[in-house]
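S.K.: Residue numbers (full-length UniProt numbering): 1 to 239. Idealized CB from N, CA, C, for every residue including glycine. Just so it is clear, the structure is predicted and the values come from calculations on it, not from any experiment. Let me begin by handing over the structure; questions about it come next.
The following block contains the structure:
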C-alpha cells in the first residue's frame, strides 16, 4: 500500500509539472483556437457576401437587358399606334404598350434597388476583408508565440508524459480512477494532498487526529471527507 501511495505522490508531482508547463503558455492555446475559429467564420461570411454581390450583379444585368428590350418594343408599339385602322387593333397595341411600360418601370425600380444592394455588399465585403486580414495577422503572431513556447518545453513535456504512463501502469485501476477523477475536477489539479497542521492541504478541512495517524502510517488510502483528495503524510516523499 505504501508503494501505491508513493507512486501517487510521484504522479501528482508529474501532473504539477505538466500544469506548470500549461500555465507558462498562458491563454495562448485558447487565444489561437479562438482566432482560428474567427478566421473560418469570417472567411465563410465573406464568401457568402461575395456570392450575394455576384448574384445581385447578375440579376441587375438580366433586368437591364429586359428593360432595354421592353423599351425597343415600346417604341415599336407606339409607332404602330399611329397606323391602326380599327378599335380592335388600337386596344391590342395599347395593351402591349402598357405592358412594356410596366416592364420598364418595374425593371428600373428593381435596378435601383439592386444597385443599392451591390454598393452595400461591396462595402460589407471590404470591411470583412480588412477584418479578416487583421485577424490573420493577430493569429500569425499568437500562433508563432505558442509554437515557440511549445518548442521550448516539448522535450520536457514528452518525458513527463512518458513517465506518467509508466506510473499509471503500476497503479491499481480503482486507485488511479479515483485520483484522475479528483485531479480533473479540481482547478489546481491536486488529486493528492498532504495533511498540514491537522488540515487537508487541498481544501483546508480539519482532519481528525485518528485519521491523521492513519495517514501517517501510509498503510491504507485515506480520503478527505470534504474534497475527496487522497491524503498523505507531510513527511512523505516530495510533492
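Just curious, the beta strand (DSSP E) that residue 193 is in, first and last residue?
M.R.: Residue 193 -> beta strand (DSSP E) spans 192 to 196.
S.K.: Judging by CA-CA distance, which residue of 127, 43, 2 and 135 is the nearest neighbour of residue 35?
M.R.: Answer by Cα proximity: 135.
S.K.: Count the other C-beta atoms from every protein chain shown that fall within 10 angstroms of the C-beta of residue 142, then say buried if there are 16 or more, exposed otherwise.
M.R.: Looking at its Cβ environment, which holds 16 or more other Cβ atoms inside 10 Å, residue 142 is buried.
S.K.: Taking Cβ to Cβ, would you say residue 193 is nearer than 8 Å to residue 229?
M.R.: Contact: yes.
S.K.: Throw me the rounded Cβ distance for the residue 241 and residue 63 pair, which I believe falls under 8 Å.
M.R.: Since the first residue of the chain shown is 1 and the last is 239, residue 241 is not available in this structure.
S.K.: With a threshold of 16 other CB atoms inside 10 Å of the CB of residue 12, please say whether the residue is buried or exposed.
M.R.: That one is buried.
S.K.: With C-beta atoms as the reference, is residue 227 less than 8 Å away from residue 199?
M.R.: Their beta carbons are not under 8 Å apart, which means residue 227 does not touch residue 199 by this criterion.
S.K.: The alpha helix (DSSP H) with residue 112 in it runs from where to where?
M.R.: Here the alpha helix (DSSP H) through residue 112 covers 87 to 170.
S.K.: What do you reckon, are the CB atoms on residue 118 and residue 56 nearer than 8 Å?
M.R.: In contact: residue 118 and residue 56 (Cβ atoms closer than 8 Å).
S.K.: Pull up the distance between the alpha-carbon of residue 129 and that of residue 46, whole angstroms please.
M.R.: If you take the alpha carbons of residue 129 and residue 46, they lie about 7 Å apart.
S.K.: Pull up the CB-CB distance for residue 7 and residue 167, whole angstroms please, since I reckon it's below 8 Å.
M.R.: That belief holds up - the Cβ atoms of residue 7 and residue 167 are roughly 5 Å apart, short of 8 Å.
S.K.: Could you say which of 187, 28, 231 and 216 lies nearest to residue 201 if we only look at CA atoms?
M.R.: Of the candidates 187, 28, 231 and 216, the one whose C-alpha sits nearest the C-alpha of residue 201 is 231.
S.K.: In the DSSP assignment, the alpha helix (DSSP H) including residue 184 goes from what residue to what residue?
M.R.: Start and end: 173 to 185.
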